Ligand code: HEC
Ligand code: HEC
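Residue numbers (this note's numbering): 6 to 285.
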């Protein structure tokens, strides 16, 4: 188990390094393929679909269905409110859980360092790395995770296939603020690893402390999304309209606060419907 997890951390650490490099590669030509059908077995475009964006788009649709089910004077469609808010809640639990884990592991790492506990600090660092990896596996596209056509062909033939540097998909998404934050996290993460190996406790403390505000902020944002989504679920269960609009307002403020810092410009689909927003 321990060896397996070590290998896993090592493998995904390579992914991280590789994908930073992938910025330098040229963009592929847009595909001219006809639209895919419901079950197109020839479709390999799924490799390029960002799971992160899919979470976001699904939460956006959930929000809009919540407003559609709850706005106005008619009796709300309770099961719609319940199901859609529950979907947001579970996505926020998934994504926010990784940030919460990072927040806790980094705090424990610092405690170990203060106690001169090198083994404990190393252990906490592994868990920290596993939380970065865990979120990347739940949010990146397979192409970004370096799954190429060649790798898929190999897997289909039962071959063990590893990603290779030259096989990095030449399709880096645009550099939005979120990725700049990630690049900074990676620098601090790599420094932490180095200072751990050399047991330079003061530098170690600084590199870990540099990451902590981002962990905390993101954990809190997702917690706000999650708590307010949970409140909508509870109100819907009790068939209570009072407080629904306010919970929705607080939830979407948390979406927008993070977008203002991390999502960048130029998106058509981004802002969920307002409860009482002006009609177009
Ligand atoms: C909530 C999930 C999540 C967590 C937790 C997370 N990341 Fe990321 N990371 C992402 C997403 C999403 C991207 C962007 C992927 C994309 O654009 O398709 C990304 C991208 C990256 C990149 C690539 C940046 C680039 O320019 O290509 C690096 C490096 C990275 N993260 C490092 C880290 C490190 C180190 C940690 C842990 C300390 C971490 N991430 C924690 C979700 C996360
Ligand atoms: C902690 C940060 C954070 C929170 C909270 C958050 N988002 Fe996002 N969201 C992002 C980032 C970063 C992007 C840009 C992702 C990308 O392009 O790779 C994004 C993009 C989006 C997009 C555009 C996706 C596309 O197709 O371009 C939508 C829609 C969206 N978010 C909806 C939501 C909704 C609805 C909520 C709240 C229920 C929410 N987000 C909460 C960070 C967040």
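We put the beta carbon where it would ideally sit given N, CA and C, even for glycine.
Source: prediction; values computed, not measured.
Identity of the residue in the options nearest residue i by Cα
i, options, result
"residue 98", "245, 233, 191, 253", "233"
"residue 129", "231, 65, 182, 109", "109"
"residue 292", "276, 244, 247", "Since the first residue of the chain shown is 6 and the last is 285, residue 292 is not available in this structure."
"residue 270", "219, 183, 242, 155", "183"
"residue 191", "208, 179, 212, 120", "212"
"residue 215", "226, 239, 122, 186", "186"
"residue 222", "263, 210, 209", "263"
"residue 122", "46, 159, 43, 209", "209"
"residue 237", "274, 91, 268", "91"
"residue 47", "157, 75, 149", "157"
"residue 250", "178, 83, 280, 160", "280"
"residue 248", "75, 160, 49", "75"
"residue 219", "243, 188, 179", "188"
"residue 260", "225, 149, 193, 141", "225"
"residue 179", "283, 159, 235, 272", "272"
"residue 131", "198, 141, 229, 217", "198"
Distance CB(residue i)-CB(residue j) smaller than 8 Å
i, j, result
"residue 206", "residue 118", "yes"
"residue 136", "residue 106", "yes"
"residue 139", "residue 231", "no"
"residue 63", "residue 278", "no"
"residue 104", "residue 227", "yes"
"residue 43", "residue 274", "no"
"residue 114", "residue 133", "yes"
"residue 268", "residue 181", "yes"
"residue 246", "residue 154", "no"
Distance between beta carbons of residue j and residue i, contact taken as under 8 Å
i, j, result
"residue 96", "residue 60", "5 Å"
"residue 93", "residue 120", "The Cβ separation is near 40 Å, so there is no contact."
"residue 83", "residue 241", "5 Å"
Quiz item: Three or more C-beta pairs closer than 8 Å, one from the stretch 153–167 and one from the stretch 75–85: is that the case here?
Solution: no
Self-check item: Stretch pair the stretch 84–93 + the stretch 190–204: three plus CB contacts closer than 8 Å
Solution: no
Exercise. Count the CB pairs spanning the stretch 47–65 and the stretch 145–163 that are closer than 8 Å, and state whether there are at least three.
Key: yes
Exercise. Kindly confirm or deny that the stretch 152–166 and the stretch 253–260 touch, where touching means at least three C-beta pairs closer than 8 Å.
Key: no
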